[in-house]
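Engineer: These protein sequence lines map, in sequence, to chains A and F. Residue 0 is where the first sequence starts when you use numbering that gives the first Met the number 0, and the numbers rise one by one after that. Residue 0 is where the second sequence starts when you use numbering that gives the first Met the number 0, and the numbers rise one by one after that. Even glycine gets a Cβ: it sits at the ideal position worked out from N, Cα and C.
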Amino acid sequence: MDWTVLLPHIPRLMDGLLITLWVTVLGTLASVAGALLLAGAAASPFGPVRGIVRVYTEIILGLPILVLLYLIYFVAPDLGLRLDEISAGVLTLTLYYSPYMAEAIRGAVGSIPPGQIDAARMVGMPGLSIARRIVAPQVLGLVIPPLTGLMIGLAKDTAILSVISVQEFAYRTKQVVSRTYAPFEVWTFVAVVYWMLLSAFETLMRGAEGRALRFRESR
Amino acid sequence: MLNRRFMLSSLAAVLAAGLATATPAAADALDDIKARGSIIVAIDPTFPPFEFTDAAGKVVGYDPELIEAVAAGMGVKVEYKVMAFSGIIPGLIAGAFDMTPTLNVTAERAAKIDYAIPTAASVNAVLTLKETAVKSSAIEDLAGLKCAVKATTQPEQMMTTLNDELEAKGAKPVELLGFETIEQTIAALADKRVDCVVDDKSVLVEAINKRADLPLALAGEIGGSQPIAWGVNKANPKLTAALSDGLKALKASGKMAELQTKYFGYTTDLPETDFVPK
Numbered sequence: 000m001d002w003t004v005l006l007p008h009i010p011r012l013m014d015g016l017l018i019t020l021w022v023t024v025l026g027t028l029a030s031v032a033g034a035l036l037l038a039g040a041a042a043s044p045f046g047p048v049r050g051i052v053r054v055y056t057e058i059i060l061g062l063p064i065l066v067l068l069y070l071i072y073f074v075a076p077d078l079g080l081r082l083d084e085i086s087a088g089v090l091t092l093t094l095y096y097s098p099y100m101a102e103a104i105r106g107a108v109g110s111i112p113p114g115q116i117d118a119a120r121m122v123g124m125p126g127l128s129i130a131r132r133i134v135a136p137q138v139l140g141l142v143i144p145p146l147t148g149l150m151i152g153l154a155k156d157t158a159i160l161s162v163i164s165v166q167e168f169a170y171r172t173k174q175v176v177s178r179t180y181a182p183f184e185v186w187t188f189v190a191v192v193y194w195m196l197l198s199a200f201e202t203l204m205r206g207a208e209g210r211a212l213r214f215r216e217s218r
Numbered sequence: 000m001l002n003r004r005f006m007l008s009s010l011a012a013v014l015a016a017g018l019a020t021a022t023p024a025a026a027d028a029l030d031d032i033k034a035r036g037s038i039i040v041a042i043d044p045t046f047p048p049f050e051f052t053d054a055a056g057k058v059v060g061y062d063p064e065l066i067e068a069v070a071a072g073m074g075v076k077v078e079y080k081v082m083a084f085s086g087i088i089p090g091l092i093a094g095a096f097d098m099t100p101t102l103n104v105t106a107e108r109a110a111k112i113d114y115a116i117p118t119a120a121s122v123n124a125v126l127t128l129k130e131t132a133v134k135s136s137a138i139e140d141l142a143g144l145k146c147a148v149k150a151t152t153q154p155e156q157m158m159t160t161l162n163d164e165l166e167a168k169g170a171k172p173v174e175l176l177g178f179e180t181i182e183q184t185i186a187a188l189a190d191k192r193v194d195c196v197v198d199d200k201s202v203l204v205e206a207i208n209k210r211a212d213l214p215l216a217l218a219g220e221i222g223g224s225q226p227i228a229w230g231v232n233k234a235n236p237k238l239t240a241a242l243s244d245g246l247k248a249l250k251a252s253g254k255m256a257e258l259q260t261k262y263f264g265y266t267t268d269l270p271e272t273d274f275v276p277k
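(1) Quick check on Gly230 (chain F): does DSSP put it in helix, strand or coil?
(2) Could you please give the first and the last residue of the uninterrupted beta strand (DSSP E) stretch that includes Ala147 (chain F)?
(3) To which residues of the same chain is Ser243 (chain F) closer than 7 Å at the C-beta, ignoring the five residues directly before and after it?
(4) For chain A, is any of its Cβ atoms less than 8 Å away from the one on Leu246 (chain F)?
(5) Residues of chain F with a CB under 9 Å from the CB of Lys173 (chain A): which are they?
(6) Quick one: what's Phe263 (chain F) bridged to in DSSP?
(7) Ala287 (chain F): which of F:Lys76, F:Ser85 and F:Asp97 sits nearest, CA to CA?
(8) Can you find a CB in chain F that lies within less than 8 Å of the CB of Arg178 (chain A)?
(9) Have a look at F:Gly94, F:Asp198, F:Asp190 and F:Thr260 and flag the residue whose alpha-carbon is nearest the alpha-carbon of Pro214 (chain F).
(10) Nearest by alpha-carbon distance to Ala119 (chain A): which of A:Ile129, A:Pro112, A:Met0 and A:Ile111 is it?
(11) Please confirm if the region 165-184 of chain A is in contact with the region 151-165 of chain F, defined as three or more CB-CB distances below 8 Å between the two stretches.
(12) Taking the beta carbon of Leu115 (chain A) as the centre, do at least 16 other beta carbons fall within 10 Å, making it buried, or is it exposed?
(13) CB-CB under 6 Å to Tyr180 (chain A), same chain, minus the five flanking residues each way: which ones, in chain order?
(14) With distances taken Cα to Cα, identify the nearest neighbour of Thr99 (chain F) among F:Pro44, F:Gln156 and F:Lys145.
(15) Give me the residue from A:Val22, A:Met124 and A:Gln137 with the minimum Cα distance to Ile85 (chain A).
(16) Of the residues A:Ser30, A:Leu196 and A:Val142, which one's Cα is nearest the Cα of Val94 (chain A)?
(17) When you compare only the Cα positions, how much space is there between Ala256 (chain F) and Phe263 (chain F)?
(18) With 8 Å as the threshold, decide whether the Cβ of Gln156 (chain F) is near any Cβ in chain A.
(19) Phe46 (chain F): buried (16+ other C-beta within 10 angstroms of its C-beta) or exposed?
(20) Strictly below 8 Å CB to CB, what residues from chain A border Asp273 (chain F)?
(21) Can you give the beta carbon distance from Met158 (chain F) to Val173 (chain F), rounded, assuming they're within the 8 Å contact cut?
(22) Using a Cβ-Cβ cut-off of less than 8 Å, list which residues of the region 57-79 of chain A approach chain F; keep chain order.
(23) How far does the beta strand (DSSP E) with Ala124 (chain F) in it reach, from first residue to last?
(24) Report the rounded CA-to-CA distance for Leu150 (chain A) versus Gly86 (chain F), giving the unit in angstroms.
(25) Which bits of chain F does Ser164 (chain A) rub up against, with CB to CB less than 7 Å?
(26) Ile42 (chain F) and Glu50 (chain F) look like a contact to me (Cβ under 8 Å); what is the Cβ gap, rounded to whole Å?
(27) Check each candidate in F:Glu166, F:Ala216 and F:Thr160 and name the one with the smallest Cα separation from Ser135 (chain F).
(28) Please work out which residues of its chain come closer than 7 Å, Cβ to Cβ, to Thr127 (chain F), disregarding the five sequence neighbours upstream and downstream, and give them in chain order.
(29) Give every residue of the same chain whose Cβ lies closer than 8 Å to the Cβ of Thr260 (chain F), excluding the five residues on either side of it in the sequence, and list them in chain order.
(30) Could you please give me the residues that DSSP links to Lys76 (chain F) through a beta bridge?
(31) Who does Asp190 (chain F) pair with in a DSSP beta bridge?
(32) Kindly give me the distance between the Cβ atoms of Pro98 (chain A) and Leu60 (chain A), rounded to whole angstroms, as I take these residues to be in contact under 8 Å.
(33) Return the bridge partner residues of Gln225 (chain F) from the DSSP annotation.
(34) Run down chain F in chain order and give the residues with a C-beta less than 9 Å from the C-beta of Tyr170 (chain A).
(35) Please give the ranges of any beta strand (DSSP E) in the region 46-96 of chain A, keeping only runs that are unbroken, at least 3 residues long and fully inside the region.
(36) Count the other CB atoms, across all protein chains shown, that sit within 10 Å of the CB of Met121 (chain A); report buried if there are 16 or more and exposed otherwise.
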């Protein structure tokens, strides 16, 4: 085993890691936005809107992300939609993860007892204040754990984008392995980097969850 | 695919180094072949179009046809010993058979075995669409354009090396997009995500034939070529010379060019001297 074989390739790997972080950030922001949209639409008073959300969610839940990625990158151009590899990758992550995140949001909102809202109305609170002061603080604490899990899933799934030539961390890793013939050293290094970053993110989000739930302690 | 073969056989050559010293020198195998009336050929027929097996399990391909033609010229039959490629170079060095086809010619191997004159060359080429921004397959004409390659393959590494040379000269590198399969590189070209595809020439010719629906065209070869030749034990210089003479006759008669067209879809000019890299 010779860890020094890695050294000349560290800049190449770090370029890839930056792309991974970039795609993860874009994918997460777009997915959360999409999830809010879907969760809102699922609560719509219009039946057809709720129906569309349900059908879309059912379709996505039944597709492997790799198949979705190939559809968007290799099949969509035949239908007139040609996206570059980063856009196709971010769109895939967004389409795939927003229904899961919407479910997490819906679950958290649904767990707020309706009695609280009725009580707030009784004391004359305006609707916006109810959302901001009663619902949002509680939902935030409840939604962080499942969202964190999904965000970590999304971050890990960015590695799949290597198959459509997004030159992220896993893509660069495969290249470096093919040059060094040192799969053990290279993949071990890369696994440790992924694990450290994702563990740090999880710790951060656990702290955020604690902060969001502070109101419980002061009860 | 040639690359993997090269790696395996490098390993085999290292393993065989021990065997080689233990082999006693014998009379030239050419005399034995004539006496026996057959030449014994070790072959791993899992390497189309060079050598493979047909539906009936018979060994066929470019090299088997060449070998059979050369053997016919020598007035002997061909006897195949089918085995895994990893065992072939060690066996050749140990004298277990007379020859083997389809070896990449390398300096390391040339220290252990002799080669007849090259029968083929592995060469990369540039594939484009017919109406294209690519003027030629010269690397200077590809600078700043996008090319699809199969990720982690020899063509990708070759293009990376050529990119380093471009950048050293102050030119823009070729932007390389790496995919998993040849179909995906062709799809990227068809969707105009890239300006060209770089891969082994015979692979690209096959793609052109398969995708007649697309306006595909070869812009030319790129990156030099690596000769492929038959290997013979160093103890048998007369046999090596006889095989080379047989191949020269097939070249002169046009038979070799005919077989190249049949199996590769193009013909190659091959060197007869100084083809072993230093």
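Structural biologist: Walking through what the data contain:
(1) Gly230 (chain F): strand per DSSP, three-state reduction.
(2) Run containing Ala147 (chain F): Lys145 to Lys149, per the beta strand (DSSP E) assignment.
(3) Around Ser243 (chain F): Ala115 and Ile116.
(4) Not an interface residue.
(5) Neighbours of Lys173 (chain A) on chain F, chain order: Ala150, Thr151 and Gly177.
(6) Answer is none; Phe263 (chain F) lacks a bridge partner.
(7) The question about residue 287 (chain F) has no answer here: the residues shown for chain F are numbered 0 through 277.
(8) Judged by the 8 Å Cβ criterion, Arg178 (chain A) is in contact with chain F.
(9) Comparing Cα positions, the closest option is F:Asp190.
(10) Looking at the Cα atoms, A:Ile129 is the closest of the given residues.
(11) Touching, yes, given that three or more Cβ pairs across the two stretches are closer than 8 Å.
(12) The amino acid occupying residue 115 (chain A) in the given sequence is Gln; Leu does not appear at that position. Result: exposed.
(13) Taken in chain order, the list of residues that qualify is empty.
(14) It is F:Pro44.
(15) The residue from A:Val22, A:Met124 and A:Gln137 with its alpha-carbon nearest to that of Ile85 (chain A) is A:Val22.
(16) The amino acid occupying residue 94 (chain A) in the given sequence is Leu; Val does not appear at that position. Per the Cα distances, A:Ser30.
(17) Going from the Cα of Ala256 (chain F) to the Cα of Phe263 (chain F) covers about 10 Å.
(18) Residue contact with chain A for Gln156 (chain F): present (Cβ-Cβ distance below 8 Å to some residue of chain A).
(19) Buried: at least 16 other Cβ atoms inside 10 Å.
(20) Contact note: Asp273 (chain F) does not reach chain A at a C-beta cutoff of 8 Å; the least C-beta distance is about 30 Å.
(21) About 6 Å; that satisfies the 8 Å criterion.
(22) Answer set for the region 57-79 of chain A: Phe73 and Pro76.
(23) In the DSSP assignment, Ala124 (chain F) falls within the unbroken beta strand (DSSP E) covering Ala119 to Leu128.
(24) Looking at the sequence provided, one finds Met at residue 150 (chain A) rather than Leu. Spanning the two alpha carbons is a distance of roughly 50 Å.
(25) Residues of chain F passing the Cβ test: Leu176, Gly177 and Phe178.
(26) So it is a contact: roughly 6 Å between Cβ atoms.
(27) With distances taken between Cα atoms, Ser135 (chain F) lies closest to F:Ala216.
(28) A distance below 7 Å between beta-carbons, with the five flanking residues on each side excluded, links Thr127 (chain F) to the following residues of its chain, in chain order: Val133, Asp194, Cys195, Ala216 and Ala218.
(29) The beta carbon of Thr260 (chain F) lies closer than 8 Å to those of Thr266 in the same chain, with the five residues before and after it left out.
(30) In the DSSP output, where bridge partners are listed per residue, Lys76 (chain F) has F:Ser37.
(31) DSSP, once it has assigned bridges, lists no residue as partnering Asp190 (chain F).
(32) Indeed, because the Cβ distance is near 7 Å, the residues count as touching under 8 Å.
(33) Gln225 (chain F) is bridged to F:Ser121.
(34) Contacts between Tyr170 (chain A) and chain F, judged by CB atoms closer than 9 Å, involve Ala150 and Gly177 in chain order.
(35) As far as the region 46-96 of chain A is concerned, it has no whole beta strand (DSSP E) run of at least 3 residues.
(36) Counting Cβ neighbours within 10 Å, Met121 (chain A) comes out exposed, since fewer than 16 surround it.
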